[in-house]
Amino acid sequence: MSQEMQEYDFHGNKVRVLTDKQNDPWFIAKDICDVLELGNVGEAVRGLDDDEKTNISNPDVWNQPGRAPLIVSEAGFYKLVLRSRKPVAKEFQRWVTHEVLPSIREHGAYMTQQTIERVLTDPDTLIRLATDLKHEREARAQAEQQVRSLTPKAQAFADFCEAPGLSTVRDAAAMLTTAGIPIREGELRTWMLDNNWIYRKGNGYRPYAAHTQAGHLRLEPPRGHGTHHDGTQFAFDPVCKITRRGLTLLYQRIGSERIANRLDYTPDAYALGID
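Each number in this note's numbering comes from the position in the sequence shown (counting from 1) with 86 added on.
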């Protein structure tokens, strides 16, 4: 919990709030119950989950005799509001959600008149608020940078997941490369041969029954025919294609193998064709 308790006023009622290390607010349960006219604090919080209520444990925040007061989380606050049938409950909830919480999340403190006066008269308060704001902005900037760096990868994976229903080995290799697993057409076909996905037959390839039945591969009939020198026609070989399910499994299997084997597949090495 924070070292300082923020105190502010709602229609003459004192409401105190602290923030934890994640900058999440915790309200003094008695203050909330007073506003909502819930007489028995213990009875009011009894229905809250364990992670929605606790006692103040920081002696720097509460060092008065007796038991430290109960505090409730934001989720606990909402549950207490729902239990009150008083007209003020709706106004109180709107005030907290539209004014208090946004200010706490943006600045690390609710900027009451009392807080403003402390900032103007106490340099340490100003330094603390400025430091909290600096850390918050740094964390936000770091998160935004991570989002920017992951966006192209996320888009590539989205494109991969939206692959057409059937793909040739060449198209599958291109999609795997775009999704972060650089692999050439011949390399992918060799992997499929070595791992009993396909086998050679004549001038073409056939899928093993296990992968056909599992929905990973499909043998597509030829779409045309050729003509011999003597004028007789012959059918082209059927084409073994990879389904979307098979493409996903290839992504998982080949990716996990490369991680396990610690293969050094850098973009430069792939561009140069270095194995």
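Ideal Cβ positions, reconstructed from N, Cα and C, are used throughout, including at glycine.
In this chain, E185 is not harboured by any beta strand (DSSP E), its DSSP state being neither H nor E. Between P111 and L168 the beta-carbon gap is near 18 Å, outside 8 Å, which marks them as no contact.
Sequence-distant partners of A258 (beyond 5 residues in either direction) whose C-beta falls short of 6 Å from its own C-beta, in its chain, are I328 and L333.
In the three-state DSSP reduction, L252 falls in the strand class (E or B).
In this structure the stretch 307 to 317 does not touch the stretch 277 to 291; the number of beta carbon pairs closer than 8 Å is below three. Counting only the Cα atoms, A154 lies some 10 Å from I114.
L336 is a Cβ neighbour of L262, given a cutoff of 8 Å.
Counted as a single uninterrupted DSSP element, the beta strand (DSSP E) harbouring E93 occupies residues Q92 to F96. Distance from the CA of H184 to the CA of A265, rounded to the nearest whole angstrom, comes to 42 Å. Within 10 angstroms of the beta-carbon of L279 lie fewer than 16 other beta-carbons, which makes it exposed.
Put simply, the backbone Cα of T140 is about 10 Å away from that of G162. Look at W277 here: in three-state DSSP terms it is helix. With a 10 Å radius around the Cβ and a threshold of 16 neighbouring Cβ atoms, H97 comes out exposed. At a Cβ-Cβ threshold of 8 Å, D117 and V131 do not count as neighbours.
Remark: C-beta atoms of K165 and L134 approach each other more closely than 8 Å.
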